[in-house]
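Structure first, commentary second.
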Amino acid sequence: MANNFPYFFRFNNESWEMPHADYLQNEELCKIVRNPEFIHFFCGRTILSFDPRWLAGQPKVQAQLRALEQEQRSNPLRFYAPNSQEQLDFLNDTDGTSCALVDLNRSGKTTAAWIKMLVGQHPMIKADPSWEIFADHGVDYHEFRGAISVGVATYNTAKLMDPMWTEQIKKWTPDAELGKYRRFNKKRGHRYAPNWGHDKSIQLAESKTMLGFYTYEMDQGNYEGGALKKWLWDEQGRQAMWNGADRGTRTTDGVHYFSLTPHKVAGRPDTGGAGWMYPFLTGKKTYGHNVKAFSGTKIWDIPDWIYPDKQKRMEVEKWEGEPQRIQTETGVSQRKILAEGRARLYGEWHTTSDVVLDEWQPEHSWIDPLWEKPPKDVTLYRAMDHGINNPTVCLWFAVDRDANIFLYRAYYNTGVTIGENVQRIIEASGNERVPLGVYRDGKSGMSFDQYEERYVGEHYASTVMDSRSFALPDKMCGKPHGWIYKQAGLTGIKKAAGKFSSHWIPLFQEMLYVDPKRVHPVTGKMGSPRLFVFNVPENTKFKYEIEHYFWKPHKEGEENPKSEPHKKNDHGINAAAYGLMTPMTYRGYHGEPEDHYSEGHRDQMDFVTQETDDEYRSMS
Numbered sequence: 053m054a055n056n057f058p059y060f061f062r063f064n065n066e067s068w069e070m071p072h073a074d075y076l077q078n079e080e081l082c083k084i085v086r087n088p089e090f091i092h093f094f095c096g097r098t099i100l101s102f103d104p105r106w107l108a109g110q111p112k113v114q115a116q117l118r119a120l121e122q123e124q125r126s127n128p129l130r131f132y133a134p135n136s137q138e139q140l141d142f143l144n145d146t147d148g149t150s151c152a153l154v155d156l157n158r159s160g161k162t163t164a165a166w167i168k169m170l171v172g173q174h175p176m177i178k179a180d181p182s183w184e185i186f187a188d189h190g191v192d193y194h195e196f197r198g199a200i201s202v203g204v205a206t207y208n209t210a211k212l213m214d215p216m217w218t219e220q221i222k223k224w225t226p227d228a229e230l231g232k233y234r235r236f237n238k239k240r241g242h243r244y245a246p247n248w249g250h251d252k253s254i255q256l257a258e259s260k261t262m263l264g265f266y267t268y269e270m271d272q273g274n275y276e277g278g279a280l281k282k283w284l285w286d287e288q289g290r291q292a293m294w295n296g297a298d299r300g301t302r303t304t305d306g307v308h309y310f311s312l313t314p315h316k317v318a319g320r321p322d323t324g325g326a327g328w329m330y331p332f333l334t335g336k337k338t339y340g341h342n343v344k345a346f347s348g349t350k351i352w353d354i355p356d357w358i359y360p361d362k363q364k365r366m367e368v369e370k371w372e373g374e375p376q377r378i379q380t381e382t383g384v385s386q387r388k389i390l391a392e393g394r395a396r397l398y399g400e401w402h403t404t405s406d407v408v409l410d411e412w413q414p415e416h417s418w419i420d421p422l423w424e425k426p427p428k429d430v431t432l433y434r435a436m437d438h439g440i441n442n443p444t445v446c447l448w449f450a451v452d453r454d455a456n457i458f459l460y461r462a463y464y465n466t467g468v469t470i471g472e473n474v475q476r477i478i479e480a481s482g483n484e485r486v487p488l489g490v491y492r493d494g495k496s497g498m499s500f501d502q503y504e505e506r507y508v509g510e511h512y513a514s515t516v517m518d519s520r521s522f523a524l525p526d527k528m529c530g531k532p533h534g535w536i537y538k539q540a541g542l543t544g545i546k547k548a549a550g551k552f553s554s555h556w557i558p559l560f561q562e563m564l565y566v567d568p569k570r571v572h573p574v575t576g577k578m579g580s581p582r583l584f585v586f587n588v589p590e591n592t593k594f595k596y597e598i599e600h601y602f603w604k605p606h607k608e609g610e611e612n613p614k615s616e617p618h619k620k621n622d623h624g625i626n627a628a629a630y631g632l633m634t635p636m637t638y639r640g641y642h643g644e645p646e647d648h649y650s651e652g653h654r655d656q657m658d659f660v661t662q663e664t665d666d667e668y669r670s671m672s
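As structure tokens, this is what we get:
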């Protein structure tokens with residue numbers, strides 16, 4: 053719904069009345085209002101501008117402006133006006149027990165929410181129905197019925213101090229209520245703000261309303277046990293904290309107000325379209341509340357003197373214009389940026405797919421095979437994930453001079469022995485599995501056939517496996533799985549680094565990111581990732597995994613939820629992660645196919661001896 057409110061403009065002795073859209077089309081008037089050399093008074097929907105030279109000869113007007121300035125300084129609430137019909141509807145709603153203003157950045161939503169706290173349903177302070185906010189600007193008047201207790205919650209103390217305290221609470225609350233905290237109090241010994249390290253609340257001077265301060269960094273206990281009448285939740289709070297506060301409002305017949313931009317917050321899986329507030333504020337899951345959500349303010353609806361036109365255009369260019377241009381010119385999808393932009397520019401819920409590796413774009417990464425056998429000038433790697441009940445996976449990678457990584461072969465198999473896995477992996481590599489003798493374990497008395505891989509086909513810089521495979525013993529023989537793989541022929545296996553998803557997921561995403569400044573090795577066009585997967589039948593399982601590897605849903609009411617991937621469709625993903633963390637780099641030609649054993653293997657004659665304790669511990 054467009055901003056069709058009438059605005060009154062005065063410049064010296066001239067005056068105009070028009071909606072904001074018409075104002076933007078009036079170049080002469082825009083120049084006046086934007087002129088920094090003029091004196092301006094912004095009083096809700098009344099905008100007064102004066103040329104200082106003209107004003108110097110108008111003593112009566114000067115006196116009137118001094119009185120107006122004094123009233124603005126002491127009681128800015130009197131002149132407040134919402135920036136859109138959506139904000140006005142939010143302010144006047146009395147039906148919602150949880151009422152939200154879901155809007156774009158810099159729309160004035162947090163200010164509107166604080167105004168609703170002050171004078172909306174169950175008002176915090178005593179107001180005058182003759183004030184312009186009620187008489188001229190459409191906000192409904194509610195009679196003050198006595199002191200109440202309210203809470204304001206935001207991300208952290210820094211945001212509580214500024215801008216929540218400075219730009220909302222202190223800016224819009226009348227001086228008479230702020231008392232010693234009033235805006236222009238210069239009396240020595242008086243504090244201009246609460247002592248945030250100790251004071252968690254203040255009492256308003258005239259109404260005696262208690263105002264408590266909270267952050268999402270606080271312990272859950274701070275939200276339990278209190279019985280407040282009203283809550284203001286700035287941006288996207290945590291569900292557990294809201295649950296605790298809500299239990300208190302049930303005893304007071306209290307209400308919750310929310311002001312937020314619905315984008316996904318970095319490091320917060322409980323935000324955006326995947327978070328708890330999306331089903332709550334869209335009415336899909338109400339928790340017994342009558343939920344009312346208001347949205348739809350357009351960036352161009354916000355008055356020019358509040359959000360300058362130049363800055364609006366810069367924001368639109370950042371979140372919409374530039375990504376759309378890159379997408380059109382390069383063919384590189386900018387869907388993630390555009391999705392966040394729609395949240396920031398239009399207040400739409402930032403609904404992503406919850407795919408962990410959402411940088412994957414098959415039109416760029418899923419390519420036809422470039423060779424039947426790896427060319428000479430690449431470096432080869434293998435990466436493995438051992439499975440017991442789940443598949444054992446081996447992936448083959450090639451790295452070229454330009455640091456492009458190609459996954460050219462994959463092996464998935466379930467229900468076979470480690471020896472069978474090794475035999476098939478070596479055969480797929482074009483190499484030979486050569487028997488070396490028998491290893492006899494002095495502790496258990498067990499014997500193991502030993503093999504070595506002869507590089508007659510492909511030569512690998514390394515073969516990496518999860519470090520846990522070298523620590524967890526096999527239930528049958530008591531030896532680690534990595535040790536068994538080594539004895540079965542894949543000698544020279546290395547432990548993979550970086551077992552934590554917080555380490556390898558960003559790297560994996562970086563490899564899949566389509567960089568508009570990078571030349572694609574197949575098309576020769578600008579816009580390319582670094583990781584490519586050959587479109588061959590044995591790689592289709594890996595493609596399925598990368599497209600169906602999801603973030604784990606956080607538990608309802610979970611305090612400080614972490615971003616964790618769901619342990620499903622991840623066997624090839626894990627193997628690839630082990631390889632990427634090696635790291636896999638270009639080291640020259642992978643080696644002439646020659647009749648020798650891989651580097652670092654033991655002499656044949658040593659394989660009939662017992663393994664030393666030190667060697668076993670080094671494998672563990």
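Residue numbering for the sequence shown follows our numbering, starting at 53 and increasing by one per position.
Glycine included, every Cβ here is placed at the ideal spot set by N, Cα and C.
Since the model is a prediction, treat every value here as computed from it, not as a measurement.
Contact under 9 Å by Cβ, residue i with residue j
i    : j    : result
E269 : Y359 : no
L564 : E411 : yes
C323 : R434 : According to the sequence as given, residue 323 is Thr; it is not Cys. No. Outside cutoff.
L129 : I167 : yes
G348 : K425 : no
F142 : E184 : no
S311 : A164 : yes
D437 : V445 : yes
M216 : D286 : yes
F196 : S253 : no
N127 : P226 : yes
F346 : E138 : yes
V368 : I351 : yes
L153 : W224 : no
I457 : R582 : yes
V202 : G264 : yes
Residue i, enclosing alpha helix (DSSP H) - first and last residue
i    : result
A629 : H623 to L632
H572 : Careful: H572 lies outside any alpha helix (DSSP H) and carries neither H nor E.
Host beta strand (DSSP E) of residue i (start-end)
i    : result
T431 : T431 to D437
I99  : T98 to F102
C529 : C529 -> no beta strand (DSSP E), and no H or E assigned at all.
W166 : From DSSP, W166 is part of no beta strand (DSSP E) but of the alpha helix (DSSP H) over K161 to V171.
Q255 : S253 to Q255
L212 : Element bounds for L212: n/a, residue is neither H nor E.
I200 : Looking at the DSSP string, I200 is not in any beta strand (DSSP E), and its letter there is neither H nor E.
DSSP three-state assignment for residue i, whether helix, strand or coil
i    : result
H194 : coil
W603 : strand
V486 : strand
Y59  : strand
K260 : coil
N64  : coil
I457 : strand
V368 : helix
P589 : helix
D501 : strand
N465 : strand
F449 : strand
H174 : coil
I675 : Given that the chain is displayed from residue 53 to residue 672, the structure contains no residue 675 and the question cannot be resolved.
G241 : Its pLDDT being 49, under 50, G241 is placed unreliably in this model, and the value from its coordinates should be taken loosely. Of the three classes helix, strand and coil, the one that applies to G241 here is coil, per DSSP.
S519 : helix
Supposed contact pair residue j and residue i - C-beta distance, whole angstroms, cut 8 Å
i    : j    : result
A257 : A228 : 7 Å
G534 : I545 : 6 Å
P532 : S521 : 6 Å
G393 : G579 : Their Cβ separation, rounded to whole angstroms, is 19 Å, which puts G393 and G579 out of contact at 8 Å.
M498 : W556 : So it is not a contact: roughly 35 Å between Cβ atoms.
N626 : L459 : Contact flag wrong, Cβ pair sits at about 14 Å.
H572 : H416 : 7 Å
P525 : H402 : Not a contact, Cβ separation roughly 46 Å.
Counting Cβ pairs, one atom from each stretch, are 3 or more of them under 8 Å apart for the segment 149-156 and the segment 298-312?
-> Yes, they touch.
With a cut-off of 8 Å, do at least 3 Cβ pairs link the segment 169-182 to the segment 276-285?
-> yes
Touching by the beta-carbon criterion (3+ pairs, under 8 Å), the segment 504-511 and the segment 529-538 = no
Touch test, the segment 192-202 against the segment 92-100, Cβ-Cβ under 8 Å, three pairs minimum | no
Would you check if the segment 420-433 and the segment 388-404 touch, i.e. whether three or more CB-CB distances between them fall below 8 Å?
-> no
At a cut of 8 Å, does the segment 591-603 reach the segment 483-494 through at least three beta carbon pairs?
-> no
Can we say the segment 58-67 touches the segment 97-112, given the rule of at least three CB pairs closer than 8 Å?
-> yes
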